[in-house]
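If you use my numbering, the sequence shown corresponds to residues 21 to 331, in order.
Just below is one structure, and these are the notes that go with it.
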Amino acid sequence: MDRNKIALIGGGQIGGNLALIAAEKELGDIVIFDIPKMESMVKGKALDIMQLRPHDGYDVNIIGTSDYQDIKESDVIVITAGIPRKPGMDREDLISINLSIMKDVANNVKKYAPDSFVIVISNPLDAMVYTFYKVSGFAKNKVVGMAGALDSGRFRTFIAMETGYSVQDVTCIVLGGHGDSMVPITRLATVGGVPVTDLISTERLAEIEHRTRFAGGEIVKLLGNGSAYYAPAQCAMEMAESYIKDKKRVIPCATFCEGEFGVNGYFIGVPIVIGSGGVEKILEFTLTDDEKTALNNTLDVVKKTVAETGL
Ligand code: APR
C-alpha cells in the first residue's frame with residue numbers, strides 16, 4: 021500500500037512542527053517546501069527529523085525542497101507560507117505581503133497537487149483561505165482554514181486552568197473569524213458535560229472569553245519575534261489526521277459558507293465534520309440573538325479584510 025503524502029508549504033516555525041507531528045503520527049511521507057533561500061534550512065530540518073525516527077520507530081520519509089515538482093500527488097497540503105506577526109501588529113496587518121505569497125502558492129498547488137485536501141494557516145487566516153480558494157478554483161470541500169481548532173483549544177485551556185480540572189474533559193466551541201472579534205460560545209462549554217456556567221462565575225467567564233480572543237496576541241508579545249507555533253501545528257495535524265483516517269472529527273474550522281449561520285460567500289469559523297470527503301458537513305445550530313449579533317460583527321471584520329484581497 022502506498023503511503024499518504026503530506027506537503028508543507030512553508031518550513032518555518034509552524035512548518036517544522038507540522039513535520040514533526042505528522043511524522044510522529046505516521047500520517048505519511050512528508051515534504052517540507054520553502055523558497056530557494058530557505059531550501060538548505062528545510063533540508064536540515066527534514067534530515068533532523070529523519071534521524072529522530074530510529075528512537076521512535078516510525079517509518080516515514082521526510083524531505084526538504086524548494087522544487088514544487090516534489091509536492092506532486094500530495095494527499096494533504098498545509099500552508100504556512102508568509103510572514104508571522106510581530107508585537108504591535110494584528111493579523112490583518114500581514115495582508116499585503118502574505119496576499120502575493122498565497123496567490124503564488126495557490127497557483128502551484130493547483131498545478132502540482134490538484135486533488136489534495138488543503139489546510140491554510142497563514143494569516144490573516146480568513147482572507148488567506150479565501151484567496152487560496154478563489155485563485156486555485158478548488159472545490160469548497162477541499163479547502164479549510166485552521167483557526168477555530170486553535171481558538172477553542174485556547175478557550176479549553178483557560179477553562180481547565182481556572183477550574184483545575186483536566187483539559188481533556190473541557191469541550192467548547194469558538195465561532196467566527198480568526199481575529200479579536202471571534203465568538204466563544206460560552207453557554208455550550210462544558211467540563212465533562214457539566215456546563216461551565218455552573219462552575220465559573222459570569223465575571224470570570226467574561227475575562228476568560230476576553231483572554232481567548234486576544235490569546236494569539238498574548239503569545240506574540242511574549243515571544244517578541246513571531247507568533248505561536250506549537251499549538252497551531254498540532255491543530256492542523258488533528259485536521260489532517262481526520263481527513264487521512266476518515267475519522268469524521270467535529271472541529272470548528274474556517275469553512276466556505278453558503279447560507280449556513282446566515283453567512284454567504286465567505287470563509288468563517290463554523291463546526292464541521294472532516295472525513296475522507298474533506299469538509300463533509302457544516303453542523304449548523306441555533307444561535308441566541310446576542311451570538312447572532314456577535315457573529316455579524318466578526319463577519320463584518322472578515323468582509324473588510326477579504327475586500328482588501330481584491331478577489
Ligand atoms: N512559498 C513558500 N514558503 C514561503 C514563501 C513562498 N512564496 N514565502 C515565505 N515562505 C516561508 C518563509 O521562508 C518561512 O520559512 O514561510 C515560512 C514562514 O515561517 P515563519 O516565518 O517561521 O512563520 P510561522 O511562525 O511558521 O507562521 C507562518 O502562519 O500563523 C500564521 O501568522 C502566521 O502567517 C504566519 C504563518
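Glycine is no exception: its CB is placed at the ideal position from the N, C-alpha and C atoms.
Keep in mind the model is a prediction, meaning the values are calculated, not measured.
{"Asked": "Could you have a look at THR325 and say whether DSSP puts it in helix, strand or coil?", "Found": "helix"}
{"Asked": "Go ahead and pull the three-state DSSP assignment for CYS273.", "Found": "strand"}
{"Asked": "Using a Cβ-Cβ cutoff of less than 7 Å, which residues in the same chain neighbour VAL290 once the five nearest sequence positions on both sides are dropped?", "Found": "LEU195, PRO272, THR275, CYS277, GLU280, PHE281 and ILE302"}
{"Asked": "So, are the CB atoms of ALA169 and MET259 less than 8 Å apart?", "Found": "yes"}
{"Asked": "List the whole-angstrom C-beta distance separating ALA101 from ILE29, where the pair is believed to meet the contact cut-off of C-beta under 8 Å.", "Found": "5 Å"}
{"Asked": "Would PHE152 and ALA133 be called neighbours here (beta carbons separated by less than 8 Å)?", "Found": "no"}
{"Asked": "Helix or strand or just coil, what does DSSP make of ASP49?", "Found": "strand"}
{"Asked": "Within 10 angstroms of the Cβ of ALA226, are there 16 or more other Cβ atoms? Answer buried if so, exposed if not.", "Found": "exposed"}
{"Asked": "Can you name, in chain order, every residue of its own chain whose Cβ lies under 8 Å from the Cβ of VAL80, other than the five neighbours on each side?", "Found": "ARG23, ALA42, ALA43, GLU46, LEU47, GLY48, ASP49, ILE50 and ARG73"}
{"Asked": "Can you say whether GLU238 is buried or exposed, counting buried as having 16 or more other CB atoms within 10 angstroms of its CB?", "Found": "exposed"}
{"Asked": "Does PRO215 pass the burial test, meaning 16 or more other C-beta atoms within 10 Å, or should it be called exposed?", "Found": "exposed"}
{"Asked": "If you draw a straight line from the C-alpha of ASP7 to the C-alpha of LEU119, how long is it?", "Found": "This structure cannot speak to residue 7, because the chain is shown only from 21 to 331."}
{"Asked": "With which residues is LYS25 paired in a DSSP beta bridge?", "Found": "ASP49"}
{"Asked": "List, from N- to C-terminal side, the alpha helix (DSSP H) runs of 4 residues or more that fit wholly inside the segment 159 to 217.", "Found": "168 to 183"}
{"Asked": "Would you kindly work out how many angstroms separate the C-alpha atoms of VAL299 and VAL149, rounded to a whole number?", "Found": "14 Å"}
{"Asked": "From the DSSP secondary-structure annotation, give me the bridge partner or partners of ILE97.", "Found": "ALA27 and VAL138"}
{"Asked": "Going along the chain, which residues of its own chain have a beta-carbon closer than 8 Å to the beta-carbon of GLN188, five neighbours each way excluded?", "Found": "none"}
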